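In order, the protein sequences belong to chains V and D.
So that you can map any letter, position 16 of the first sequence is 16 in my numbering, and since no number is skipped, the others follow by simple counting.
So that you can map any letter, position 43 of the second sequence is 43 in my numbering, and since no number is skipped, the others follow by simple counting.
Okay, so here's the structure we're looking at.
Protein chains: 2
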Amino acid sequence: MPRPRASAGQPPAVVADRLHSAAIHLLRALRRRDVASGLSAPRLSALSVVVFGGPLTLGALAAAEQVRPPTMTHLVRALEGEGLVARAADPVDGRVVHVRATAKGRDVLARGRALRVALLARALTRLSRADRTTLAGAAAIIERILPGMQ
Amino acid sequence: MPRPRASAGQPPAVVADRLHSAAIHLLRALRRRDVASGLSAPRLSALSVVVFGGPLTLGALAAAEQVRPPTMTHLVRALEGEGLVARAADPVDGRVVHVRATAKGRDVLARGRALRVALLARALTRLSRADRTTLAGAAAIIERILPGMQ
DNA sequence: TGGTAATAGTTAGCTCTGCTAACTATTATG
DNA sequence: CATAATAGTTAGCAGAGCTAACTATTACCA
């Protein structure tokens, strides 16, 4: 990728390219900590949604995590197998499955997520407050524009 | 995750957590475009390093991409199979394998990468220049701190 | 009311990515 | 020259994600 002049406005394509690379590399670096927390990135992410998003259907969870239902079935089964979430049948609609977090799930999320981001958090500690603000702002912008990207 | 007051300095753990989520969701959103470009994220990323980082050994490529040698062997084989990179034996050291991009590789990178980030780039187009600057800055910060994170 | 259509999940089967362990081949070293 | 170190590869595994096809349930409507 050609480097634009620092003073120039960043062309969207260049910014997109760099964000993309940064996201790939960031996740690869963090993935190593999965072993420590015992949860992979997708599982941790799904568990997080369940814990903070309250009980929700499998389909809603799949939509929130932007994966297909079969993928979420698989993830939920794994989480259920570890006792981190529980299924519950809908009292009215027999097709629907509700997923809720268990106490253990909330516990593991807190620990695992902390472990997982600890490495990154430690690195961030060494940054200036301005840099941290930039990163936080970027994360917010990304989450804001993602829904409209489909 | 608790939301800190907007005016407060962002605690590293919170920023780390948000960055993590944003990276996961961003990549999931972009992955859909892989089909369009014909290259997956890891292949595109590796090809990018080869194209812009000149010929380099398989080991160096693995290190640059932060994966283990067997993983890179596999990626290179796939890229080689599509005629995007080529292997070359080292004239002096018989153990070493040099990987270089082919003309087709450079071509496909330009097109594929463009396609892949086009969706994101289009979304970025709708942002303010300030937001784009924030994102570009964040990407730079991330790439800067990653090597020290091991 | 009863048959068809739509919806929610699951199962089956595939690809890709990534790992570790174990191996080969080559080079360096004591 | 024998041994150790290095560079890659092979083998075999698990996880994540997909599509297609299936089951079970609910909704609709003629």
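Think of the CB as a built atom: it goes at the ideal place given N, C-alpha and C, for glycine as much as any other residue.
Treat the numbers as computed from the prediction; the structure is a model and nothing was measured.
Looking at V/T125 and D/P12, is the spacing between their C-beta atoms short of 8 Å?
Working through the second sequence from its first residue, we reach residue 12 of chain D at position 12. Working through the first sequence from its first residue, we reach residue 125 of chain V at position 125. For D/P12 and V/T125, yes; Cβs fall inside 8 Å.
Beta carbon of D/A139, beta carbon of V/L27: below 8 Å?
As a working mapping, residue 139 of chain D is identified with position 139 in the second sequence. As a working mapping, residue 27 of chain V is identified with position 27 in the first sequence. No, these two residues do not count as a Cβ contact at 8 Å.
Taking C-beta pairs closer than 7 Å, name the residues in chain D that V/P12 reaches, listed in chain order.
Reading the first sequence from its first residue, position 12 is the one you call residue 12 of chain V. Chain D residues near V/P12: A121, L124, T125, R132.
With the cut-off set at 8 Å, would you say V/A62 and V/P69 are in Cβ contact?
Here the question's residue 62 of chain V lines up with position 62 in the first sequence. Here the question's residue 69 of chain V lines up with position 69 in the first sequence. Yes, Cβ-Cβ distance for V/A62 and V/P69 is below 8 Å.
For V/G94, count the other beta carbons within 10 Å of its own beta carbon; 16 or more makes it buried, fewer makes it exposed. Which is it?
On the first sequence, residue 94 of chain V is found 94 positions in, with the first residue counted as 1. Under this definition V/G94 is an exposed residue.
Using a Cβ-Cβ distance cut-off of 8 Å, determine whether V/L146 contacts chain D.
Within the first sequence, numbered from 1, the residue matching residue 146 of chain V stands at position 146. Chain D, which has a Cβ nearer than 8 Å to the Cβ of V/L146, makes this yes.
Please go through the stretch 46-78 of chain V and give each complete beta strand (DSSP E) segment of 3 or more residues, from N-terminal end onward.
Complete beta strand (DSSP E) runs here, min 3: none at all.
Could you pull out every residue in the same chain whose Cβ sits closer than 6 Å to the Cβ of D/R122, ignoring the five residues on either side in sequence?
Taking the first residue of the second sequence as 1, we reach residue 122 of chain D at position 122. Contacts found: none.
Select from D/L39, D/G81, D/E65 the residue whose C-alpha is nearest the C-alpha of D/V49.
Along the second sequence, one-based indexing puts residue 49 of chain D at 49. Selected option, being the one with the closest Cα: D/E65.
Look up D/V35 in the DSSP assignment and say whether it is helix, strand or coil.
Counting from 1 along the second sequence, the entry for residue 35 of chain D is found at position 35. Because the pLDDT at D/V35 is just 48, under 50, the model does not fix this residue reliably, and the point stays unresolved.
Near D/R132, what residues of its chain come up, given a Cβ to Cβ distance below 8 Å and the 5 sequence neighbours on each side ignored?
Here residue 132 of chain D is taken as the residue at index 132 of the second sequence, counted from 1. Once the five neighbours on either side are set aside, the close Cβ partners of D/R132 are L124.
Does the Cβ of V/V35 have 16 or more other Cβ atoms within 10 Å, making it buried, or fewer, making it exposed?
As a first step, residue 35 of chain V must be located in the first sequence, where it is residue number 35. Its pLDDT being 48, under 50, V/V35 is placed unreliably by the model, and the measurement read from it follows with that caveat. It is exposed - the Cβ of V/V35 has fewer than 16 other Cβ atoms within 10 Å.
Could you give the distance in angstroms between the alpha-carbon of V/A60 and the alpha-carbon of V/A130?
For the purposes of this step, residue 60 of chain V is identified with residue 60 of the first sequence, where counting begins at 1. For the purposes of this step, residue 130 of chain V is identified with residue 130 of the first sequence, where counting begins at 1. About 36 Å.
Do V/V15 and D/A136 have their beta-carbon atoms positioned less than 8 Å apart in this structure?
As a working note, residue 136 of chain D is residue 136 in the second sequence. As a working note, residue 15 of chain V is residue 15 in the first sequence. In this structure, V/V15 lies closer than 8 Å to D/A136 by Cβ.
Can you tell me which of the three DSSP states D/V99 falls into?
Residue numbering aside, residue 99 of chain D sits at position 99 when the second sequence is read from its first letter. Of the three classes helix, strand and coil, the one that applies to D/V99 here is strand, per DSSP.
Classify V/D17 as buried or exposed, calling it buried when 16 or more other Cβ atoms lie within 10 Å of its own Cβ.
Here residue 17 of chain V refers to the residue found at position 17 when the first sequence is read from its first residue. V/D17 should be labelled buried.
Sort V/R77, V/P91, V/V76, V/L84 by Cα distance to V/G105 and report the nearest one.
In the first sequence, the residue the question calls residue 105 of chain V occupies position 105. Checked all of V/R77, V/P91, V/V76, V/L84; the closest Cα to V/G105 is V/L84.
Under a CB-based cut-off of 8 Å, is D/H20 close to chain V?
For the purposes of this step, residue 20 of chain D is identified with residue 20 of the second sequence, where counting begins at 1. Chain V contact via Cβ: present.
Give me the residue from V/V67, V/A29, V/T102 with the minimum Cα distance to V/R42.
Here residue 42 of chain V corresponds to residue number 42 of the first sequence, with the count starting at 1. Checking the displayed sequence, the identity of residue 42 of chain V turns out to be Pro instead of Arg. Cα-wise, what sits closest to V/P42 is V/V67.
Out of curiosity, what's the CA-to-CA distance linking D/T134 and V/A29?
Looking up residue 134 of chain D in the second sequence gives position 134. Looking up residue 29 of chain V in the first sequence gives position 29. So the two alpha carbons sit approximately 22 Å from each other.
So the beta strand (DSSP E) D/R87 belongs to, where does it begin and stop?
Here the question's residue 87 of chain D lines up with position 87 in the second sequence. 85-89 is the span of the beta strand (DSSP E), which, as asked, contains D/R87.
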